[in-house]
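*Asks:* Below are the structure tokens for one structure; questions will follow.
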Amino acid sequence: MEQEKYFISVGEPWDFNSVDGENIINGIIIKILSATCIIFKANYLLDFEGVSGDIFVLYPRYAEKNFIELKNGVESVAINGNLLIGDFDENENEEILREKSKFVLAGTIRT
Numbered sequence: 000m001e002q003e004k005y006f007i008s009v010g011e012p013w014d015f016n017s018v019d020g021e022n023i024i025n026g027i028i029i030k031i032l033s034a035t036c037i038i039f040k041a042n043y044l045l046d047f048e049g050v051s052g053d054i055f056v057l058y059p060r061y062a063e064k065n066f067i068e069l070k071n072g073v074e075s076v077a078i079n080g081n082l083l084i085g086d087f088d089e090n091e092n093e094e095i096l097r098e099k100s101k102f103v104l105a106g107t108i109r110t
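Using numbering that gives the first Met the number 0, the first residue of the sequence shown is number 0, and each one after it goes up by one.
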């Protein structure tokens with residue numbers, strides 16, 4: 000699953016636009032922290048209410064879902080997305096990354 004191309008279909012904010020079009024963010028999964036936390040890098044910088052970046056900390060939107068489903072052929076997983084504030088350090092754990100990020104979107108990650 001790592002380093003494969005994915006895209007986020009953004010549901011909230013409902014009026015989201017990027018260089019890829021309405022409600023789309025293209026990028027790759029750069030790190031899998033756990034079955035319920037992945038690091039996604041967009042192909043470009045994005046701005047959400049004055050916070051800019053291209054690294055997202057993604058979590059399944061529903062407790063019964065996880066990202067292993069993507070590896071097992073499920074087309075999409077509903078997500079909550081936090082934008083990482085500052086630089087990404089792959090040695091940081093999920094708790095630290097959650098503290099260093101801000102919730103900015105809800106949607107789905109798709110292959």
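C-beta: ideal position from N, C-alpha, C; glycine also.
Name the residue from 58, 72 and 69 whose alpha carbon lies nearest to the alpha carbon of residue 82.
*Replies:* 58
*Asks:* Taking the straight line between their C-alpha atoms, what separation do you get for residue 64 and residue 39?
*Replies:* 18 Å
*Asks:* Assess, as a yes-or-no matter, whether the stretch 87–94 is touched by the stretch 62–79 under the definition of 3 or more beta carbon pairs within less than 8 Å.
*Replies:* no
*Asks:* May I have the straight-line CA-CA distance separating residue 44 from residue 15, to the nearest angstrom?
*Replies:* Approximately 14 Å, taken between the alpha carbons.
*Asks:* With DSSP as the reference, identify every bridge partner of residue 107, one or two as the case may be.
*Replies:* 8 and 77
*Asks:* DSSP beta-bridge partners for residue 27?
*Replies:* 4 and 40
*Asks:* Quick one: what's residue 58 bridged to in DSSP?
*Replies:* 79
*Asks:* By Cβ distance, which residues of its chain are closer than 8 Å to residue 35, with the 5 residues on each side in sequence left out?
*Replies:* Within the same chain, residue 35 has close Cβ partners 58, 59, 65 and 66.
*Asks:* Could you tell me the alpha carbon to alpha carbon distance between residue 85 and residue 95, rounded to whole angstroms?
*Replies:* 12 Å
*Asks:* I need the straight-line Cα distance from residue 27 to residue 48, nearest angstrom please.
*Replies:* 23 Å
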